[in-house]
Amino acid sequence: MREITFTEAAREALTEQMALDPSIFVVGEGIGERGGNFNTTLGLYEKYGPMRLRDTPIVERGFVGMCAGAAMTGARPVVDFMIVDFILDSMGELLNQISKIQYMSSGRIKMPMVLRGCIGIGGAAATHHSGSYYPLFVHIPGFRVALPSNPYDAKGLLTTALTGDNPVLFLEHKLLLNRRGSVPEEAYKLPYGQAAVLREGSAATVVALAVMVPKVLQICDELAKDGLDIEVIDPRTLAPLDTTTILESVRKTGRLLIADETFGPCGIGAEISAQVMEQGFDDLDAPIARLNGAHTPTPYSPTLENAVIPDQAAITKAIRDLVAE
Amino acid sequence: MANEDIALNSEQLLALYHMMVLIRRTEEQLARAHQMGLVPGPCHTYVGEEAIAAGVCANLREDDVVFSTHRGHGHALAKGVSPRAVAAELFGKATGCSQGRGGSMHLFAPEIGLMGTSGIVGPSILQGAGAGYSFKLLASDQVSVAFFGDGAVSNGAFHEGLNMAAIWDLPVIFVCEDNMYATEVAFRDATRVQDVAQRARVSYDMAAVRVDGNDVLAVHRAAEEAVARARAGGGPSLIDCKTYRARPHAEGMRDGGYRSAEEMQAWKERDPIAAHAAWLIEAGHAEAADLDAIEAQVNSTVDDAIEFARASPFPDPSTAADFIFGAGG
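Here the protein sequences line up with chains Y and V, keeping their order.
Everything in the first sequence is counted per the working numbering, starting at 1 for the first residue and increasing by one.
Everything in the second sequence is counted per the working numbering, starting at 1001 for the first residue and increasing by one.
Okay, here's the thing in structure tokens:
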């Protein structure tokens, strides 16, 4: 199978669905003729024109609220935030309107909307261009949250988002954008709420999110040389979250680490840990462990930036400690 | 009233009267029900402002859409939601227009273009613009109406929404209901420019007109022009309606300390329903007996609505978490 990048895979999903569905339009800053700061819409303006590739003023609250009205009346907006930190200006529209209107209208109004943007720490982007924020959206009823870690998942999860009725956060870690992987040329959908077991093992389970997935997989290959077989799970979507796959794995391994670059308090690791404690307590042979980025705004200088993310040594130590418990 | 050039026939003129009386009587009964404890949550009435909803919505088709505010009973009724469905919703009943999930502030009837009333000030402007975007994208001749109060005018949503509607020529009618107070904060204390139409013209180069919001014919005429402009692809308009809220911000709230008895009395004398009634008779479109007959018919409709609401079942508790998600994804 041919190999393409994460960005190319997501763009292919968007291109295919825009060709099939004339109600899809994209809004954002520089997503028109320019093709997006991260090439998310490269080449689409020439095909679909300004009504469907709509460059906007820098008014995140305004165009997100506008897209809500469009989604309620037959269109299918894709909001391209470029950097997901910019979503914060639109939180009122998202949390009070977009997540609630299907419910408030007792299911008679649909809210088909994709909210995409780059997340994550890297490249000395500093604290207004390094956020992730997904736990905020997982907390709120009414959002789907997709967190693909590879090109295959990016295309399939985005295709599903572009064909469903719900508001979907589609979050792209900036350090994953140029990673290559095998991707079918035809359109396909991946279900939400179905984790992928990327590596089978018996010594411990590691649930890894986004950029932590390739980091953890590489470390586990090293640990295997020492005879440690680690099972690695990528949830792929956080809302809904596939706890069944995680619980099944913990039943086998008895040990669980959740590796997530973003903050620990009230985070995804805390949620997974609570659910495993509630539903799989008897399967545990050791306390559940979490590995998170530092609970701090993201600093600029490379030495400081590297200090707030879990590095290879920290991940390796966390896994070895868990197995030794 | 200076309405020598009225293009409406007697039937249409009486329909405007009928709608205003329907809104007034429904809300009077809902306020009474609220006092009796039959409306469990908040209830923001539109008493005194009926000419705006009636005058605007009379120009809309069923497939045109309306985005409304926390003071939205009048918009819902004028868009065609039945008094039964509105009353039952405020009573928290399964037969309400939002099936008991919304109450006074969240009325929904998308099948006839009521896209929701909202407890948050500002989003109606943005969503109204978005529906306009949708209609333009899909090459539909539907139009979108965003109602909002003077309280929204200093909010960022006003600037962002009007600006986008203007630059993209969206088929949207922005209707500002300036009732002089945002809850209890006077508009004169919230802005240096109370002429909202001027703001629309100067800031966004948008067609805009300022009208007496208590004159149903003036509102109707302004809306007729704005709807025609939007439907013909001529872009958005703003109608700045000056009006007054006759009752407290919400039922049961103390209404003193921010406006005077003299001011309230002066506006009471400009009641939009009484003014239209007097004009109808003076202009020879109706006799007092015709208006009495409308009144009697409305009273009967509203009595039926309240009885329907009272007799309807509450929603099944097991459905409390239904409808959070649609299909797919």
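Backbone N, C-alpha and C define an ideal beta-carbon position, used for all residues, glycine too.
Just so we're clear, the structure is a prediction, and the values are computed from it rather than from any experiment.
Proximity test, Cβ basis, 8 Å: residue i and chain V
{"i": "residue 41(Y)", "result": "no"}
{"i": "residue 103(Y)", "result": "yes"}
{"i": "residue 63(Y)", "result": "yes"}
{"i": "residue 23(Y)", "result": "yes"}
{"i": "residue 236(Y)", "result": "no"}
{"i": "residue 182(Y)", "result": "no"}
{"i": "residue 93(Y)", "result": "yes"}
{"i": "residue 69(Y)", "result": "yes"}
{"i": "residue 73(Y)", "result": "yes"}
{"i": "residue 163(Y)", "result": "yes"}
{"i": "residue 323(Y)", "result": "no"}
{"i": "residue 1(Y)", "result": "no"}
{"i": "residue 168(Y)", "result": "yes"}
{"i": "residue 97(Y)", "result": "yes"}
Limits of the alpha helix (DSSP H) - the one that residue i falls within
{"i": "residue 155(Y)", "result": "151-161"}
{"i": "residue 317(Y)", "result": "312-324"}
{"i": "residue 15(Y)", "result": "6-20"}
{"i": "residue 1084(V)", "result": "1083-1090"}
{"i": "residue 1080(V)", "result": "Premise fails: residue 1080(V) is in no alpha helix (DSSP H) and is neither H nor E."}
{"i": "residue 1289(V)", "result": "1288-1311"}
{"i": "residue 1124(V)", "result": "1123-1137"}
{"i": "residue 1219(V)", "result": "1216-1231"}
{"i": "residue 59(Y)", "result": "First-last for residue 59(Y): undefined, no H or E at that position."}
{"i": "residue 1055(V)", "result": "1050-1057"}
{"i": "residue 1118(V)", "result": "No alpha helix (DSSP H) contains residue 1118(V), which DSSP labels as neither H nor E."}
Exposure of residue i, with buried meaning 16 or more beta-carbon neighbours within 10 Å
{"i": "residue 174(Y)", "result": "buried"}
{"i": "residue 155(Y)", "result": "buried"}
{"i": "residue 1271(V)", "result": "buried"}
{"i": "residue 1296(V)", "result": "exposed"}
{"i": "residue 57(Y)", "result": "exposed"}
{"i": "residue 20(Y)", "result": "exposed"}
{"i": "residue 172(Y)", "result": "buried"}
{"i": "residue 1067(V)", "result": "buried"}
{"i": "residue 1012(V)", "result": "exposed"}
{"i": "residue 302(Y)", "result": "exposed"}
{"i": "residue 1115(V)", "result": "buried"}
{"i": "residue 1222(V)", "result": "buried"}
{"i": "residue 1002(V)", "result": "Annotation note: pLDDT 48 at residue 1002(V) (below 50); position unreliable, coordinate value reported separately. Burial call: exposed."}
Cβ of residue i within 8 Å of any chain Y Cβ
{"i": "residue 1040(V)", "result": "no"}
{"i": "residue 1211(V)", "result": "no"}
{"i": "residue 1273(V)", "result": "no"}
{"i": "residue 1327(V)", "result": "yes"}
{"i": "residue 1136(V)", "result": "yes"}
{"i": "residue 1077(V)", "result": "no"}
{"i": "residue 1147(V)", "result": "no"}
{"i": "residue 1082(V)", "result": "no"}
{"i": "residue 1309(V)", "result": "no"}
{"i": "residue 1007(V)", "result": "no"}
{"i": "residue 1160(V)", "result": "yes"}
{"i": "residue 1317(V)", "result": "no"}
{"i": "residue 1323(V)", "result": "yes"}
{"i": "residue 1157(V)", "result": "yes"}
{"i": "residue 1313(V)", "result": "no"}
Residue range of the beta strand (DSSP E) that includes residue i
{"i": "residue 170(Y)", "result": "167-173"}
{"i": "residue 1174(V)", "result": "1172-1178"}
{"i": "residue 231(Y)", "result": "230-234"}
{"i": "residue 1148(V)", "result": "1144-1149"}
{"i": "residue 80(Y)", "result": "76-83"}
{"i": "residue 1242(V)", "result": "1237-1242"}
{"i": "residue 1183(V)", "result": "Residue 1183(V) -> no beta strand (DSSP E), and no H or E assigned at all."}
{"i": "residue 1158(V)", "result": "Counting along the chain, residue 1158(V) falls outside any beta strand (DSSP E), though it belongs to the alpha helix (DSSP H) covering 1156-1167."}
{"i": "residue 55(Y)", "result": "53-55"}
{"i": "residue 198(Y)", "result": "196-199"}
{"i": "residue 1266(V)", "result": "Where residue 1266(V) is concerned, there is no enclosing beta strand (DSSP E), although the alpha helix (DSSP H) it sits in stretches over 1261-1268."}
Interfacial residues, the segment 135-161 of chain Y to chain V, with Cβ spacing under 7 Å
Residues of the segment 135-161 of chain Y with a C-beta atom less than 7 Å from some C-beta of chain V are 141, 142, 144, 160, 161, listed in chain order.
Chain Y contacts from the segment 1100-1115 of chain V (Cβ-Cβ distance under 9 Å):
Taken in chain order, the members of the segment 1100-1115 of chain V whose beta-carbon sits within less than 9 Å of a beta-carbon on chain Y are 1100, 1101, 1102, 1106, 1108, 1109, 1110, 1111, 1115.
Could you name the residues of the segment 1215-1235 of chain V whose beta carbon sits closer than 9 Å to any beta carbon of chain Y, in the order they occur along the chain?
Going along the segment 1215-1235 of chain V in chain order, one finds no residue with a Cβ nearer than 9 Å to chain Y.
Mind listing which residues of the segment 6-36 of chain Y have their C-beta closer than 8 Å to chain V's C-betas, in chain order?
Correct list: 22, 23, 25.
For the segment 1163-1182 of chain V, which residues have a CB atom closer than 7 Å to at least one CB atom of chain Y, in sequence order?
Taking 7 Å as the Cβ-Cβ cut-off against chain Y, the residues of the segment 1163-1182 of chain V that qualify are 1163, 1164.
Any beta strand (DSSP E) of 3 or more consecutive residues that is wholly inside the segment 70-146 of chain Y:
Contiguous beta strand (DSSP E) elements confined to the segment 70-146 of chain Y occur at 76-83, 113-119, 144-146, taking only those with 3 or more residues.
Which residues, taken in chain order from the segment 263-295 of chain Y, show a beta carbon closer than 9 Å to some beta carbon of chain V?
Closer than 9 Å at the C-beta level to chain V, one finds no residue of the segment 263-295 of chain Y.
Runs of beta strand (DSSP E) lying entirely within the segment 237-295 of chain Y, each at least 3 residues, in chain order:
Taken in chain order, the whole beta strand (DSSP E) runs of length 3 or more contained in the segment 237-295 of chain Y are 237-239, 256-260, 289-292.
For the segment 190-219 of chain Y, list every residue whose C-beta sits within 7 Å of some C-beta in chain V, in sequence order.
Residues of the segment 190-219 of chain Y with a C-beta less than 7 Å from any C-beta of chain V: 192, listed in chain order.
May I ask you to list, following chain order, the residues of the segment 102-135 of chain Y that have a beta carbon less than 8 Å from some beta carbon of chain V?
Cβ contacts with chain V come from 102, 103, 104, 105, 106, 107, 108, 109, 110, 111, 112.
What are the residues in the segment 75-87 of chain Y lying within 7 Å of chain V by C-beta distance?
Those residues of the segment 75-87 of chain Y that come within reach of chain V (Cβ to Cβ, closer than 7 Å) are 75.
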